[in-house]
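> Residue numbers (the working numbering): 31 to 228.
Think of the CB as a built atom: it goes at the ideal place given N, C-alpha and C, for glycine as much as any other residue.
Please find one structure pasted underneath; my questions will follow.
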């Protein structure tokens with residue numbers, strides 16, 4: 031090897047050092063850029079996270095509001111309708127003279143409907159209309175406000191519907207005028223549906 035030539039291992043060492051310096055400089059440069067980028071990304075992510083938290087809270091508030099509204103509506107509907115089906119109709123083949131009683135706690139107009147099916151072995155007596163029938167009366171207090179009739183046979187059906195204005199303390203009930211037996215449970219019902227607040 032001549033005096034003007036640089037040893038190969040020395041050139042390799044210098045090249046390695048140059049590459050190391052470049053890599054180190056590049057890493058430092060990129061590390062700085064990444065740090066800056068992460069700082070900017072952190073700001074964006076934090077902002078999005080805060081916005082997401084706010085939107086989640088708003089959605090939860092809306093969900094709570096809708097749930098409360100639905101519950102209030104359900105409660106309102108439930109309060110408007112009161113169906114009475116637990117009527118005592120077949121105790122020792124005798125029917126209660128008063129089927130059920132609905133006492134009005136507030137003032138409003140109500141539509142009442144009663145539905146009845148005669149029981150097996152029903153005995154009909156001569157009614158006011160000249161036919162053998164089962165007769166039921168709906169009364170407001172002691173005043174008859176509607177009547178219903180069924181022919182003298184098993185499983186005969188009768189119903190009555192009337193709209194009544196009620197004041198506080200008024201009572202409405204259905205009473206058997208003629209006849210001895212009805213089917214109870216789901217076969218006999220007495221329903222009041224609120225139509226208006228006054």
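(1) Run the CB neighbour count on residue 196, radius 10 Å, all protein chains shown included, and call it buried at 16 or more, exposed below.
(2) Per DSSP, which one or two residues make a beta bridge with residue 165?
(3) May I have the straight-line CA-CA distance separating residue 164 from residue 180, to the nearest angstrom?
(4) Could you check the C-alpha separation between residue 77 and residue 90 for me, to the nearest Å?
(5) Could you give the DSSP three-state label for residue 222: helix, strand or coil?
(6) Below 8 Å between beta carbons: does that hold for residue 190 and residue 144?
(7) Going by beta-carbon coordinates alone, are residue 86 and residue 225 separated by less than 8 Å?
(8) Tell me the residue span of the beta strand (DSSP E) that contains residue 195.
(9) Return the Cβ separation of residue 202 and residue 169 in integer angstroms, given the expectation that the two are a contact with Cβ distance under 8 Å.
(10) Within 10 angstroms of its Cβ, does residue 166 collect 16 or more other Cβ (buried), or is it exposed?
(11) What does a CB cutoff of less than 8 Å around residue 174 pick up in its chain, not counting 5 residues either side in sequence?
(12) Please determine, among 199, 69 and 142, the residue with the shortest C-alpha to C-alpha distance to residue 223.
(13) Within 10 angstroms of the Cβ of residue 220, are there 16 or more other Cβ atoms? Answer buried if so, exposed if not.
(14) Quick check on this structure: which residue in 171, 96, 71 and 84 has the alpha carbon closest to the alpha carbon of residue 199?
(15) Taking all protein chains shown into account, do 16 or more other C-beta atoms lie within 10 angstroms of the C-beta of residue 188, making it buried, or fewer, making it exposed?
(16) So what does DSSP say about residue 173, is it helix, strand or coil?
Result, derived from the coordinates:
(1) buried
(2) 179 and 208
(3) 5 Å
(4) 20 Å
(5) Note: residue 222 maps to strand in three-state DSSP.
(6) With respect to residue 144, residue 190 sits close: the two C-beta atoms are nearer than 8 Å.
(7) no
(8) 187–196
(9) 7 Å
(10) buried
(11) 167 and 168
(12) Comparing alpha carbon positions, the residue from 199, 69 and 142 closest to residue 223 is 142.
(13) buried
(14) 171
(15) buried
(16) strand
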